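In this note's numbering, the protein residues as written are 535 to 1089. Each residue gets a CB set at the ideal place from its N, CA and C atoms; glycine is no exception. Because the structure is a prediction, the values reported are computed rather than measured. Below is one structure, written out as structure tokens, with a few remarks after it.
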Amino acid sequence: MTEVKLQDMTGSRDSLPRQPDEESDRSKPPGLDSEAQQSNAQDAQAPPNHLSGLKLFSLLASLYLCIFCLAMDKTMLSPALGSITTEFGTVKDVGWYTSSYLLSTASVQPLYGAIYKSFDTKWTYVVALVIFEAGSLMAALSPTSSVLILGRAICGLGDAGMASGTYVILAQTLPLHKRAAFFGLLGAVWGVASVLGPLLGGFFTEHLTWRWCFWINLPIGGVALVVVLFVFNGSGKSSKGPSLLSRIRQLDLLGAAALVPAVVMLLLAIQWGGTEFPWKSPTIIGLFIGSGVLILLFGGIQQRVQDNGLLPPRFFKNRDVCSALMYSFFFGASYFAIVPYVSIQDASAVQAGLRLLPLSISAVLSSILSGIIIGALGNYNAIILGETALMCIGAGLITTFSLDTPMGHWFGFEVILGLGVGVGFQAGQVVVQNSLSYDLLSQATSNVQFFMSLGGAVSVAAAQATFQNGVVEVMAHDTPQVPPSVALNTGASELTETLNGLGLSPSTVTAIRNAYMSGLRNAYYVSTAMSLCAFLAALGLRWKRLSKTPAAKKT
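This is the structure in structure tokens:
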């Protein structure tokens, strides 16, 4: 972003210059780019919460630990599903143990953006953290499958507020020119937790109990709660400004009433289509139509309320913000785990996690270094484009996986993919925080998380559909005597053992495993396509320099 000297900035420091459109920007010289003025003015607008030393370290450590828990919650449960279904004596609810979490998270994320804008950051985050802890406690103590599903849904409600709130707190705690590096660390934590989740879930299930997948959240969240309460000052909105009733009216509850059911109906249609109901069934068609109607209604509401809405139309008039949202959607869609591949090579959940270490380590290094380099260069375009290109290459190479792929190949392919995905966890946040005024950051950060979650949910459903179609097609040709349900209803890590237990010949077992691998390859094609879309979205970002010097503070 263009560097701007204080004397070049027009208007009072106490007021934010008008948000321009692209056309008006083109006629202005670089030194007077008003978006740069707005970004540089963020420090002057933000509450005086910039911390240093032990206070900053303790707050950051607590936030990162919370993000670690949120990321693990999305992957830790997979190796524990067998034990859970055995204890509760049902398999019909197994899909809801994860879906309930994702549904509640995605549906309320934009609403949290409006809440952070109108209410005190500190207490909003604390409430979200308490909700997450309550859901974790309910899940850990759940006596039935239904209670576990409810606990997971409550966890998701807290997750949405904590994930977006973390970026809001960082924006209020760190000056603009330092945020990229700390966002990089945040992305590294997310990457590590996503891979270690199945490892820890498998360890808890094998050596303790699956309930420890939820117990672990309580002490970590408790420590974070104490630190936030005593270290972070908050935005001070609870003691000044409009009345409580006025703030509630500013939350765009009408927009939320349209968006939340629209997202739920869309994700239910994607979740149920081809599994619970045929894609052409009245139920699935009705869900899609209902979601579409509500989305149109939501768009009309946002056009009316403008900047007070959950998703301000201004975001889509700003080329950088629009590109960042699209990038986040496609990055979330492309981040398809390769655990099923390593599992089909007769690996347990713990062994599968260990085999993903090349991906995890390279993603962590990439995320940290990309944040540091962005801050040092004062430009994010080159890093985002370069690493997203690596992600495309890595995803493409993974589509070549087969049952006999040598270790050197999958090790190298994972490293390439990891180096590419590192920047994706933070790219959208870095862009919007350097492209918008401070008063819109809470809505922008929440929507970046929303688009990433929505992309992931859509992609998983698409990948699952192409996986099933691939397995059915190959098995119908190579092993017509074996119904495809034998493979589709068996976990990847138990596939070989199950097939051998049926008394099938070695050649038939190998053919079915090849069919399973063919289905996975179709899923990886989806991931590769989404990676390419993310790269195209990154091309939409304008090239501009970030400010390397902190903005002047109000006096």
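Based on the DSSP secondary-structure assignment, which residues constitute the bridge partners of residue i?
i	result
residue 811	807
What is the DSSP secondary structure of residue i, reduced to helix, strand or coil?
i	result
residue 841	helix
residue 913	coil
residue 1020	helix
residue 957	coil
residue 787	helix
residue 1073	helix
residue 544	In this prediction, residue 544 has a pLDDT of 36, which is less than 50 and means its spatial position is unreliable; nothing more can be read from the coordinates.
residue 1078	coil
residue 869	coil
residue 767	coil
residue 963	helix
residue 719	helix
residue 565	Note that residue 565 scores a pLDDT of 38, beneath 50, so its modelled location is shaky and nothing firm can be said.
residue 750	coil
residue 938	coil
residue 653	coil
residue 968	coil
residue 1056	helix
residue 1014	coil
residue 889	helix
residue 1039	coil
residue 820	helix
residue 1086	Bear in mind that a pLDDT of 39 at residue 1086, under 50, signals an unreliable position, so the model cannot answer this.
residue 638	helix
residue 851	helix
On a CA-only basis, which of the options is nearest residue i? Give me that one, please.
i	options	result
residue 858	969, 782 and 690	969
residue 724	849, 1015 and 898	898
residue 1038	1022, 1016, 868 and 1058	1016
residue 920	727, 621 and 904	904
residue 681	631, 1075 and 814	631
residue 749	946, 832, 901 and 610	610
residue 832	914, 650, 847 and 658	847
residue 638	701, 802 and 1042	802
residue 666	622, 759, 716 and 591	759
residue 852	601, 939 and 1075	1075
residue 866	945, 986 and 689	986
residue 623	893, 612 and 678	678
residue 955	1020, 728 and 660	728
residue 614	652, 668, 732 and 605	732
residue 612	938, 1044 and 737	737
So residue i and residue j are in contact, right, with Cβ under 8 Å, and what is the actual spacing, rounded?
i	j	result
residue 976	residue 647	5 Å
residue 597	residue 703	7 Å
residue 896	residue 989	Not a contact, Cβ separation roughly 22 Å.
residue 663	residue 696	6 Å
residue 808	residue 999	5 Å
residue 694	residue 967	Their Cβ separation, rounded to whole angstroms, is 19 Å, which puts residue 694 and residue 967 out of contact at 8 Å.
residue 907	residue 917	6 Å
residue 818	residue 806	6 Å
* Is the stretch 1064-1077 touching the stretch 923-931, taking contact as three or more C-beta pairs under 8 Å? -> yes
* Is there contact here, the stretch 786-800 with the stretch 644-658, by at least three beta-carbon pairs under 8 Å? -> yes
* Asked: With a cut-off of 8 Å, do at least 3 Cβ pairs link the stretch 782-791 to the stretch 837-846?
  -> yes
* **Stretch-stretch touch, CB-based, cutoff 8 Å, three pairs: the stretch 997-1013 with the stretch 1034-1051** => yes
* **Three-pair Cβ contact test at 8 Å for the stretch 948-962 versus the stretch 711-725** => yes
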